[in-house]
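Visitor: Position one of the sequence shown corresponds to residue 503 (the working numbering), numbered consecutively onward.
Pasting a structure below so you can have a look.
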Amino acid sequence: MTTPVTTCRVILIGFGAVGHGFATILAQHGERLRRQSGIDIRIVAVATHSRGAVIDPAGIDLAGLLASAGHAGGLAALPGATRLAPTDIIRTTPAEVVVEATWTDLATGEPAISHIRAAFAAGMHAITVNKGPAALALQALRAEAAACGRHFGFEGTVMAGTPSLRLALEGLQGCAIHEVRGIVNGTTNFILSQMERGMDYATALAEAQRLGYAEADPTGDVEGFDAAGKAAILANALLGAALRPADVARQGISQITAADVAAAAAAGERWRLIARVWRDADQVRAAVAPTRLAQSHPLAGVTGATNALTISTDLLGDVTLIGPGAGGVATGFAIVSDILALYRNR
Ligand SMILES: NC(=O)c1ccc[n+]([C@@H]2O[C@H](COP(=O)([O-])OP(=O)(O)OC[C@H]3O[C@@H](n4cnc5c(N)ncnc54)[C@H](OP(=O)(O)O)[C@@H]3O)[C@@H](O)[C@H]2O)c1
């Protein structure tokens with residue numbers, strides 16, 4: 503007997519590292535996913551900011567799409583190329599899901615919030631890997647999704663495809679969560695790990711930039727802005743708060759010196775940039791700060807660009823999850839897992 507297959511048509515807005523990772527997963531593992539889940543995920547449209555857009559209602563040829571990333575002509579050279587803007591593509595292209603994978607703006611959440619609202623207006627589910635909408639408008643977007651009977655997925659906004667939000671929201675359902683602490687920025691963890699091996703801050707940062715972990719302007723990572731955005735998402739998603747990134751007390755790692763790292767090591771401790779959200783009476787608070795942890799602490803053992811989260815609950819005590827926090831395929835997997843979850847939960 504053959505399993506019935508449901509087709510899930512996806513409009514992908516943003517075709518950078520994550521969009522590419524998602525398309526690569528479908529190209530390499532789409533057939534297995536279809537057999538395992540009964541869901542046939544097809545990308546029917548892709549839009550970018552400067553490299554054009556393409557539509558094929560039957561499903562874009564993934565080999566051509568992936569090859570286009572390396573071509574100067576971009577998507578404009580593919581069959582089905584269009585000049586339509588992303589919101590017009592969402593309005594006019596039949597699909598089940600819009601995947602939002604554009605640049606993060608932690609001040610406005612745009613253009614991502616508009617893309618997500620366009621999806622709901624067109625009767626589609628929305629999935630984002632972009633921290634902006636989840637850090638700035640999570641409760642509003644959840645309510646708008648519920649009002650139109652659609653799903654809003656944002657698993658990839660914290661710890662990429664490592665199922666941090668899903669673990670807390672589904673696996674720990676029935677527990678009360680009172681605190682979440684974690685290493686949610688791989689760049690800073692890589693820098694601190696290199697400093698433990700004897701590098702000074704500037705050399706460790708240069709190494710992170712050379713390996714592609716840190717951007718040319720590393721401010722968003724090293725001053726804790728990225729972690730503060732993720733702390734706001736954790737507070738809002740897991741503790742029901744309505745915090746914005748600016749509400750998160752924030753301190754980065756740029757002031758940590760080689761002497762600080764050596765002093766911690768001499769005391770049997772390690773510096774980690776810890777994002778923490780916790781209940782304080784009837785309030786939810788959030789902070790990002792470099793923190794000295796005993797070497798025996800589960801988060802102290804997390805080195806390199808890896809991320810980790812400890813979720814403190816009433817019934818289970820602490821649950822710690824360790825895994826990748828970035829990367830095109832690792833974050834593309836978050837999109838796949840959100841798509842499969844939305845069909846599973848329907
Ligand atoms: N990379 C990771 O490891 C990772 C992990 C977790 C979450 N994220 C988040 O996922 C999102 C995508 O990350 P990425 O690494 O793929 O970024 P990226 O490589 O910079 O790609 C961003 C894509 O968005 C497109 N874009 C920007 N503004 C747009 C607009 N107004 N309309 C249509 N397309 C637009 C860009 O167009 P052009 O191609 O024309 O430039 C590009 O294709 C970001 O929000 C990021 O914070 C990334």
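Where a beta carbon is used, it is the ideal one built from N, C-alpha and C, also for glycine.
Should histidine 799 be listed as close to ligand 1, given that the test is whether its C-beta is under 8 Å from any heavy atom?
Guide: Outside the cutoff, so no.
Visitor: In three-state DSSP terms, what is alanine 707?
Guide: The sequence given here has leucine at residue 707, not alanine. Leucine 707 falls in the helix class under three-state DSSP.
Visitor: Please report the distance separating the alpha-carbon of asparagine 687 from that of glycine 803.
Guide: Those two C-alpha atoms are separated by around 15 Å.
Visitor: When the Cα of threonine 808 is compared with those of His680, Ile685, Pro506, which residue comes out closest?
Guide: Threonine 808 has its Cα closest to that of Ile685, out of His680, Ile685, Pro506.
Visitor: Ordered along the chain, which non-local residues of its own chain (more than five positions away) have a Cβ less than 6 Å from that of arginine 511?
Guide: Here the set comprises Arg544, Val546, Ala597, Glu598.
Visitor: Is any heavy atom in ligand 1 found nearer than 8 Å to the beta carbon of alanine 465?
Guide: With the chain running from 503 to 848 in the structure shown, residue 465 is simply not present.
Visitor: Determine which residues share a DSSP beta bridge with phenylalanine 654 and list them.
Guide: The partner list for phenylalanine 654 (beta bridge, DSSP) reads Ala628.
Visitor: With DSSP as the reference, label aspartate 728 as helix, strand or coil.
Guide: Helix, per DSSP.
Visitor: Let's see if you can read the secondary structure: which residues bound the beta strand (DSSP E) around glutamine 785?
Guide: Note, glutamine 785: beta strand (DSSP E), 785–796.
Visitor: State the DSSP-derived secondary structure class of glutamate 598, mapped to helix, strand or coil.
Guide: Looking at glutamate 598 - three-state DSSP - the assignment turns out to be coil, as it is neither helix nor strand.
Visitor: What would DSSP say about asparagine 847, mapped onto helix, strand or coil?
Guide: The answer is coil: DSSP assigns asparagine 847 none of H, G, I, E or B.
Visitor: Report the option in Glu698, Arg683, Thr595 whose CA atom is closest to the CA atom of arginine 763.
Guide: Residue 763 is actually valine in this sequence, not arginine. If we check each option's Cα against that of valine 763, Glu698 comes out closest.
Visitor: Just reading off the alpha helix (DSSP H) that leucine 564 is part of, what are its end residues?
Guide: Note, leucine 564: alpha helix (DSSP H), 564–570.
Visitor: Among the residues of its own chain, which have a CB less than 6 Å from the CB of glycine 584, if the five just before and after it don't count?
Guide: The sequence given here has threonine at residue 584, not glycine. Only Ala555, Ile557 meet the Cβ criterion.
Visitor: So, for alanine 788: in the same chain, excluding its five sequence neighbours on each side, which residues have a beta-carbon less than 6 Å away from its beta-carbon?
Guide: Closer than 6 Å at the Cβ level, and outside the excluded window around alanine 788, lie Ala733, Ala737, Leu745, Val750, Val779.
Visitor: Rounding to the nearest angstrom, what Cα-Cα distance links arginine 619 and serine 814 in this structure?
Guide: Between arginine 619 and serine 814, the C-alpha separation is close to 33 Å.
Visitor: Using DSSP's beta-bridge definition, name the partner residues of glycine 819.
Guide: Beta-bridge pairing links glycine 819 to Thr815.
Visitor: On the DSSP letters alone, give me the boundaries of the alpha helix (DSSP H) that alanine 693 sits inside.
Guide: The residue asked about is misnamed: residue 693 is isoleucine in this sequence, not alanine. Looking at the DSSP string, the run of the alpha helix (DSSP H) that includes isoleucine 693 is 688–698.
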